[in-house]
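**Student:** Can you read through this structure? Questions will come right after.
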Amino acid sequence: MKKLKVGVIGGTGMVGQRFVSLLAEHPWFDLTVIAASSRSAGKTYEEAVGSRWALEVPLPASAKDIVVKSAVEDMADIAAQVDLVFSAVDMKKEEIQALEEAYAKLECPVVSNNSAHRWTPDVPMVVPEINPEHLAVIAAQRKRLGTKRGFIAVKSNCSLQSYVPALHPLKDEFGLNKVLVCTYQAISGAGKTFETWPEMVDNIIPYIGGEEEKSEQEPLKLWGKVAGDHIENAVAPSITAQCLRVPCSNGHMAAVFASFDRKPSREEILARWAAFSGKPQQLGLPSAPKQFLHYFEEDNRPQTKLDRNLEGGMAVSVGRLRPDTQYDYKFVCLSHNTLRGAAGGGVLLAELLRAEGWLD
Ligand SMILES: NC(=O)c1ccc[n+]([C@@H]2O[C@H](COP(=O)([O-])OP(=O)(O)OC[C@H]3O[C@@H](n4cnc5c(N)ncnc54)[C@H](OP(=O)(O)O)[C@@H]3O)[C@@H](O)[C@H]2O)c1
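The sequence shown begins at -18 in the working numbering and counts up one residue at a time.
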């Protein structure tokens, strides 16, 4: 299979660094372009990132001498050079919307980590194991944009990446109707490290702007269906969320409470989690975890530090399933926010797009 040439716009940031490290050795994609703001343009990637490199793995040798372009000013040049771009820029919402749409109109597909287009009705928001069928709406989006090849596909917010996968295999079978979730989110989710955000050492901040709304509403788009030229959102379950920033470098944890129309047994829930496998597993996509949901029987697992890197940070860990006095069950979930929750989820989505012919 011929490798596709890819670019990362916003490649110098926290999520962009993850994209660069995942794409540097990718079997299907060849990272040829890195772009960021005009502050970084013209420098080598190594110079532009400088002391901001925040990953536990070294900056990839194949990326360090790539000369960074401007995501805005060099757009036409970038779009002509690559088969798709991954977007991880941090700009104003309207600027990101315009930038991503402009790349798509230049016939360069965009796989975005940003929230800017998540509510555009004909932009699929996809967790590949959950709603791969939503990619069909790309045909309507191309019609609207007047493109043959260009389109935008997005991944969902990092916060819900831990609990929606665990709820999904229970939802239709048992009639999931009510969810309460508290998330405990790592500082890399704000693009920060303990060096750049020392106030987070020994601290918890009970507010993450916009996160509770995303955590409550985005699952309903994921669980929606393609209806002609748009995605029609699901109306249930009702979800309420509180999102806290906690002093962890990476890994978002969630404490989940859930009720069902037909209360399942504990064994039924565990059996559905163990059997849950989606299209990425069936297609054998390179970044897909073999087992998407890992259940831990130990009372003190999953733990952020021990379990966030499970299956390359692409699997979701679950534990502490037990009955609750107010809801049917409660349990705990964990996922790596910059791997499965951001860049890894974006790369897996691009692999699905390629396997399903959307990047031909
Ligand atoms: N961190 C996470 O876990 C996470 C998870 C899900 C979604 N997100 C979202 O992903 C996006 C990136 O987050 P991040 O944490 O990686 O942010 P970040 O570390 O602040 O990086 C921002 C990136 O955007 C670039 N940029 C800023 N202004 C620009 C401009 N005017 N034109 C072009 N490029 C520009 C920066 O380039 P320079 O280096 O040149 O300034 C940098 O590459 C945000 O929208 C964030 O909300 C983050």
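Idealized CB from N, CA, C, for every residue including glycine.
May I ask you to list the residues that DSSP assigns as paired with aspartate 11?
**Tutor:** Note: aspartate 11 sits in a beta bridge opposite Lys(-14).
**Student:** Is any heavy atom in ligand 1 found nearer than 7 Å to the beta carbon of cysteine 139?
**Tutor:** Because some heavy atom of ligand 1 lies under 7 Å away, the Cβ of cysteine 139 counts as near it: yes.
**Student:** Could you give the C-beta distance for lysine 136 and leucine 330, rounded to a whole number, given that I count them as a contact under 8 Å?
**Tutor:** About 6 Å separates the two Cβ atoms, so the contact holds.
**Student:** Determine, using beta-carbon pairs with one atom in the region 17 to 32 and one in the region 115 to 128, whether at least three such pairs fall under 8 Å.
**Tutor:** Touching, no.
**Student:** Going by the C-beta, is valine 70 closer than 7 Å to any heavy atom of ligand 1?
**Tutor:** At least one heavy atom of ligand 1 is nearer than 7 Å to the Cβ of valine 70, so yes.
**Student:** Given alanine 171, which residues of its chain have a CB within under 8 Å of its CB, disregarding the five upstream and five downstream residues?
**Tutor:** The residues are Trp178, Ile189, Arg226.
**Student:** Which residues bound the alpha helix (DSSP H) around proline 261?
**Tutor:** Per DSSP, proline 261 belongs to the alpha helix (DSSP H) from 260 to 264.
**Student:** At what residues does the beta strand (DSSP E) containing glycine -3 begin and finish?
**Tutor:** Not the beta strand (DSSP E): glycine -3 falls in the alpha helix (DSSP H), residues -5 to 4.
**Student:** Taking 8 Å as the threshold, find out whether the region 194 to 205 comes into contact with the region 241 to 253 through three or more Cβ pairs.
**Tutor:** These segments do not touch.
**Student:** How many Å lie between glutamate 134 and isoleucine 119 at the Cα?
**Tutor:** Note that residue 134 is alanine in the sequence shown here, rather than glutamate. Rounded to whole angstroms, alanine 134 to isoleucine 119 spans 8 Å at the Cα level.
**Student:** I think serine 258 touches phenylalanine 277, with their Cβ atoms under 8 Å apart; what is that distance to the nearest whole Å?
**Tutor:** Not really, about 19 Å apart at Cβ, beyond 8 Å.
**Student:** Determine contact between the region 224 to 239 and the region 150 to 162, defined as no fewer than three beta-carbon pairs at a distance below 8 Å.
**Tutor:** Judged by Cβ distances under 8 Å, the region 224 to 239 makes contact with the region 150 to 162, as three or more pairs qualify.
**Student:** For ligand 1, is there a heavy atom less than 7 Å away from the beta-carbon of valine 91?
**Tutor:** No; taking the cut-off as 7 Å, the Cβ of valine 91 has no heavy atom of ligand 1 nearer than that.
**Student:** Just the C-alpha distance for asparagine 214 and glutamate 114, rounded to the nearest angstrom, thanks.
**Tutor:** Approximately 14 Å between the Cα atoms of the pair.
**Student:** Looking only at DSSP bridge pairs, what is isoleucine 186 linked to?
**Tutor:** Arg226, per the DSSP bridge assignment.
**Student:** CB-CB under 6 Å to arginine 282, same chain, minus the five flanking residues each way: which ones, in chain order?
**Tutor:** Within the same chain, arginine 282 has close Cβ partners Gly300.
**Student:** Beta carbon of asparagine 290: closer than 7 Å to some heavy atom of ligand 1?
**Tutor:** Not under cutoff, so the answer is no.
**Student:** Answer yes or no: do histidine 98 and glutamate 75 have a C-beta to C-beta separation smaller than 8 Å?
**Tutor:** No, Cβ-Cβ distance for histidine 98 and glutamate 75 is not below 8 Å.
**Student:** Can you give the Cα-Cα distance for valine 70 and serine 140, rounded to whole angstroms?
**Tutor:** Their backbone Cα atoms lie some 19 Å apart in a straight line.
**Student:** Is it true that the CB of leucine 320 sits closer than 8 Å to the CB of glycine 293?
**Tutor:** Yes, Cβ-Cβ distance for glycine 293 and leucine 320 is below 8 Å.
**Student:** Identify, in the order they occur along the chain, each residue of the same chain with its Cβ nearer than 8 Å to the Cβ of valine 49, setting aside the five sequence neighbours on each side.
**Tutor:** Excluding sequence neighbours, valine 49 sits near Gly(-8), Thr(-7), Ile15, Ala16, Ala17, Ser21, Ala22, Gly23, Lys24, Thr25, Tyr26, Ala29.
**Student:** Where do the ends of the beta strand (DSSP E) carrying glutamine 166 lie?
**Tutor:** Residues 157 to 166.
**Student:** Any idea if lysine 244 is buried or exposed, counting beta-carbon neighbours within 10 angstroms, 16 or more meaning buried?
**Tutor:** By the 10 Å Cβ count, lysine 244 comes out exposed.
**Student:** Say the cut is 7 Å; is the CB of methionine 181 nearer than that to a heavy atom of ligand 1?
**Tutor:** False, no ligand heavy atom lies under 7 Å from that Cβ.
**Student:** May I have the straight-line CA-CA distance separating lysine 152 from glycine 31, to the nearest angstrom?
**Tutor:** One C-alpha to the other measures close to 46 Å.
**Student:** Around the C-beta of asparagine 184, are 16 or more other C-beta atoms found within 10 angstroms, so that it is buried, or is it exposed?
**Tutor:** Label assigned to asparagine 184: exposed.
**Student:** Quick test of your reading: proline 261 and glutamate 54, contact by CB under 8 Å. State the CB separation rounded to the nearest angstrom.
**Tutor:** Contact flag wrong, Cβ pair sits at about 36 Å.
**Student:** How is the alpha helix (DSSP H) around proline 200 delimited, first residue to last?
**Tutor:** From DSSP, the alpha helix (DSSP H) with proline 200 extends over 192 to 203.
**Student:** Taking 8 Å as the cut-off, decide whether the C-beta atoms of leucine 203 and methionine 295 are in contact.
**Tutor:** Not a contact, by the Cβ cut-off of 8 Å.
**Student:** Mark phenylalanine 0 as exposed unless 16 or more other C-beta atoms lie within 10 angstroms of its C-beta, in which case mark it buried.
**Tutor:** Burial call: buried.
**Student:** So, helix, strand or coil for glutamate 332, using DSSP?
**Tutor:** Glutamate 332 falls in the helix class under three-state DSSP.
**Student:** Does the beta carbon of serine 169 fall short of 7 Å from some heavy atom of ligand 1?
**Tutor:** It does: the Cβ of serine 169 is within 7 Å (strictly closer) of some heavy atom of ligand 1.
**Student:** Select from Ile(-10), Val(-4), Lys(-16) the residue whose C-alpha is nearest the C-alpha of glutamate 6.
**Tutor:** Ranking the options by Cα distance to glutamate 6, first place goes to Lys(-16).
**Student:** Let me check understanding here. Comparing Cα to Cα, which of Cys314, Leu340, Gly327 lies closest to serine 2?
**Tutor:** That would be Gly327, whose Cα lies nearest to the Cα of serine 2.
**Student:** Taking the alpha carbon of alanine 324 as the point to measure from, which residue in Asn138, Leu201, Ala85 has its own alpha carbon closest?
**Tutor:** It is Asn138.
**Student:** How big is the Cα-Cα spacing for serine 68 and alanine 217?
**Tutor:** Taking the straight line joining both Cα atoms gives about 30 Å.
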